[in-house]
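Residue numbers (this note's numbering): 6 to 107.
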């Protein structure tokens with residue numbers, strides 16, 4: 006088995022002087038790699054969840070848009086029917102049991 010030794014140097018950025026040198030062996034590097042991979046997976050999972058949430062928001066917005074289009078069309082038909090029957094929109098709402106405040 007080949008054993009490599011790595012050194013990490015901590016440098017004070019203000020005066021660029023050497024502060025501390027620690028010895029790091031393969032087991033520490035393996036632990037860091039494992040931690041890094043686990044964190045990468047969590048980031049990827051959160052990114053996927055965020056993308057799904059964004060997609061759902063866009064779907065809801067489209068459904069609301071479609072609903073408003075249908076509602077507008079119904080109001081146009083109701084208005085035309087009110088004209089034909091010489092009634093007000095409010096009277097038509099009461100006749101067809103439609104809400105007055107929407």
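All C-beta atoms, glycine included, are put in the ideal place defined by N, C-alpha and C.
Here residue 90 carries a coil assignment [DSSP, helix/strand/coil].
Distance between residue 57 and residue 42, taken at the CA atoms: about 23 Å. Remark: C-beta atoms of residue 84 and residue 100 do not approach each other more closely than 8 Å.
Taking C-alpha positions only, residue 91 is separated from residue 104 by approximately 20 Å. Beta-carbon to beta-carbon, residue 89 and residue 97 are separated by about 10 Å, too far to satisfy the 8 Å threshold.
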